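Residue numbers (this note's numbering): 21 to 536.
Comments concern the structure below.
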Amino acid sequence: MAVDQIEQGRSTAKPWRNRVLSTRDAGLLIGGLVVLALLIGTTTSGWTKNGQSLILLGSRRGRSGNNHASTSGEPRIPIPFNCSNETSSGLPTCHRAATCPLLLPSRSAAPSSEQPRASPSSPTTTTCPEYFLYIHSDLSPWRDEGITRETLERARDNATFRLVVVAGRAYVEKYRPAFQTRDVFTLWGILQLLSRYPGRVPDLDLMFFCDDTPVVHAAAYPDHSRAPPLFIYCKNDTALGIVFPDWTFWGWPEVNIRPWAPFLEEVQRETRRVPWMNREPYAFWKGNPDVGGRLRGDLMRCNVSSNGKDWNARLVRQDWEDADRNGFKDSNLAKQCTYRYKIYVQGRTWSVSQKYILACGSPVLRINTTFHDFFSRGLVAGRHYWPIDAARMCPSIKFAVDWGNAHPVQAQRMGEEGSSFSRDELSMDNVYDYMLHLLTHYARLLRYRPTVPEKATEYCLESMACPEDGRAGEFMMECMEKYVADFDPCTMPPSFTFPRSWPEDGGGGQHIRKDA
């Protein structure tokens with residue numbers, strides 16, 4: 021696919037020095053101190069890879085606003101990572117201290133998504149963006165009957181891999197190769213979630229499809245509850261599937277697209293460098309027109325023609341093989357914000373380019389599409405983008421550009437709304453929270469207790485990142501979470517209530533229907 025691509029509350033108890041600790045209390049205290057010492061010991065010199073201390077580029081600020089101190093002023097808990105932990109085979113092993121329940125008692129169990137706990141150490145919990153409500157829609161086929169092991173197994177024929185999470189640890193069974201490193205960076209993102217919110221991701225068992233085109237068609241399942249639950253990157257209204265953030269949020273090394281958070285920082289610098297009024301007064305698109313069937317071919321006809329017909333579009337063919345040979349010197353997406361308008365057109369189905377186009381601060385001329393990813397269902401026509409009629413593509417583009425140039429204040433406002441959406445509603449904080457809410461709700465539907473498949477391999481930060489060299493390894497380091505979250509995930513209001521037969525405690529693997 022081408023790219024256009026916790027301050028504790030004040031206690032009334034006596035000071036600890038005036039109390040006599042029970043044996044159990046003393047044991048808990050000592051145990052917690054030991055674990056803390058181990059964590060500090062593994063991170064005092066930063067993360068270590070290949071025996072060297074790592075300084076990470078583009079390190080991200082969480083909701084606490086500081087990578088080094090929590091909102092209470094206490095040091096944040098670092099996520100341990102050390103590539104010197106090697107076995108005789110030369111491959112790093114997964115450490116056994118994935119979570120720290122003694123230090124994080126309130127984080128040891130997954131919360132109910134509808135009833136988040138107030139944390140005395142964090143600010144008021146934020147409200148999730150509205151597109152989070154589509155989690156309920158994606159899971160609705162299995163809402164009443166739940167998901168049995170047999171139902172899940174029906175997804176095997178299409179799945180790229182199977183992911184099982186048990187006690188906060190990830191196990192993967194691969195069925196078939198994915199295109200490039202889609203599966204690698206999708207799994208890397210899930211490991212970041214497990215590290216960011218330790219103990220909060222419930223036990224679960226899922227199948228994931230890493231291709232573009234939806235394969236579970238609603239028409240094939242009159243009883244939707246019998247459809248195989250399959251995690252995917254996109255779908256349309258005729259398909260069933262559970263939409264999940266795509267791999268490029270953590271990077272796409274094959275085409276040199278950086279992880280989303282550092283990309284946003286770079287594109288903000290570039291957009292300040294070229295203010296909107298100083299940009300070329302045309303609509304711009306750059307990509308591979310040979311992908312996506314008729315739509316992209318039709319778009320290329322809107323270019324300036326030899327007979328002088330100008331549809332206000334500037335369209336450039338992207339040759340990724342040539343870009344690779346050229347070191348991607350002319351393919352930096354952050355530097356493609358020099359036009360007042362940007363065009364979005366789908367690829368084979370959707371295109372990952374949409375978020376990069378939105379980030380430019382130029383109004384997005386979005387050619388109508390039936391496909392959507394997890395966040396695009398939150399975009400509003402006339403606010404975040406200008407809809408382009410695919411049947412009258414060229415004149416629609418020309419009209420939009422002419423109108424925008426004649427009404428610069430309104431046009432610039434639309435560009436700013438789209439950019440704000442990509443920066444705020446699509447921040448990595450919200451991407452991780454979407455993943456957490458989705459997996460928590462999904463785990464509630466399981467009518468069996470997840471177990472590790474016989475052929476599965478455990479995945480962890482070290483086992484994935486330490487062997488990686490080159491651009492893939494660099495991107496993994498660039499987007500790695502450094503600290504355990506010291507804040508609650510955003511609050512997602514429910515759009516409906518789960519059946520009374522379902523428990524409400526949020527613990528995956530134990531949500532077995534009482535009538536099952």
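Here a beta-carbon is modelled for each residue, glycine too, at the ideal position from N, C-alpha and C.
Quick caveat: nothing in here was measured; it's all calculated off a predicted structure.
For residue i, which three-state DSSP category applies?
i           : result
residue 502 : coil
residue 322 : coil
residue 457 : helix
residue 199 : coil
residue 452 : helix
residue 303 : strand
residue 193 : strand
residue 42  : Note that residue 42 has pLDDT 42, beneath the 50 cutoff, so the model's placement of it is unreliable and the number below is only indicative. In this structure, residue 42 counts as coil in the three-state DSSP scheme.
residue 465 : coil
residue 418 : helix
residue 495 : helix
residue 155 : helix
residue 433 : helix
residue 375 : helix
residue 337 : strand
residue 147 : strand
residue 471 : coil
residue 354 : helix
residue 175 : coil
residue 511 : strand
residue 263 : strand
residue 186 : strand
Per the DSSP calculation, residue i is bridged to which residue(s)?
i           : result
residue 485 : In DSSP, residue 485 forms no bridge with anything.
residue 181 : 194, 228
residue 407 : 386
residue 425 : Partner(s): none; residue 425 has no beta bridge.
residue 272 : 277
residue 255 : 392
residue 362 : 304, 384
residue 98  : 503
residue 478 : 191
residue 560 : Outside the shown range of the chain, which is 21 to 536, sits residue 560, and nothing can be said about it.
residue 237 : 259
Roughly how many angstroms lie between the CA atoms of residue i and residue j, to the nearest whole one?
i           : j           : result
residue 267 : residue 396 : 16 Å
residue 482 : residue 101 : 7 Å
residue 206 : residue 341 : 24 Å
residue 467 : residue 171 : 10 Å
residue 365 : residue 168 : 38 Å
residue 279 : residue 494 : 10 Å
residue 221 : residue 456 : 7 Å
residue 499 : residue 318 : 37 Å
residue 185 : residue 458 : 14 Å
residue 180 : residue 477 : 15 Å
residue 390 : residue 445 : 22 Å
residue 362 : residue 411 : 19 Å
residue 187 : residue 219 : 7 Å
residue 80  : residue 243 : Below a pLDDT of 50, predicted positions are generally treated as unreliable, and residue 80, at 38, falls in that range; the measurement from the model is reported next regardless. Those two C-alpha atoms are separated by around 44 Å.
residue 260 : residue 400 : 23 Å
residue 508 : residue 99  : 17 Å
residue 182 : residue 473 : 9 Å
residue 238 : residue 256 : 10 Å
residue 418 : residue 449 : 37 Å
residue 370 : residue 447 : 20 Å
residue 367 : residue 311 : 6 Å
residue 360 : residue 208 : 35 Å
residue 270 : residue 203 : 11 Å
residue 228 : residue 146 : 29 Å
residue 78  : residue 290 : Confidence at residue 78 is low in this model, with a pLDDT of 33, below 50, so its placement is unreliable and no value can be given for it.
residue 241 : residue 398 : 27 Å
residue 443 : residue 288 : 9 Å
Rounded to whole angstroms, how far is the Cβ of residue i from the Cβ of residue j, which I believe are closer than 8 Å?
i           : j           : result
residue 437 : residue 404 : 5 Å
residue 277 : residue 158 : That belief does not hold up - the Cβ atoms of residue 277 and residue 158 are roughly 26 Å apart, past 8 Å.
residue 408 : residue 426 : 18 Å between Cβ atoms; not a contact.
residue 224 : residue 470 : 6 Å
residue 492 : residue 273 : 4 Å
residue 386 : residue 406 : 7 Å
residue 511 : residue 148 : 6 Å
residue 484 : residue 213 : Actually they do not touch by this definition, with Cβ atoms about 14 Å apart.
residue 479 : residue 192 : 5 Å
residue 292 : residue 358 : Not confirmed; about 13 Å, so no contact.
Exercise. Is the stretch 246-260 touching the stretch 169-188 in the sense that three or more CB pairs, one from each, lie closer than 8 Å?
Worked result: yes
Worksheet item: Given 8 Å as the limit, is there contact between the stretch 269-287 and the stretch 317-330, that is, 3 or more CB pairs closer than that?
Response: no
ask   = Does the pairing of the stretch 431-448 with the stretch 370-378 give three or more beta-carbon distances under 8 Å?
value = yes
Between the stretch 457-465 and the stretch 149-165, can you find at least three pairs of beta-carbon atoms closer than 8 Å? yes
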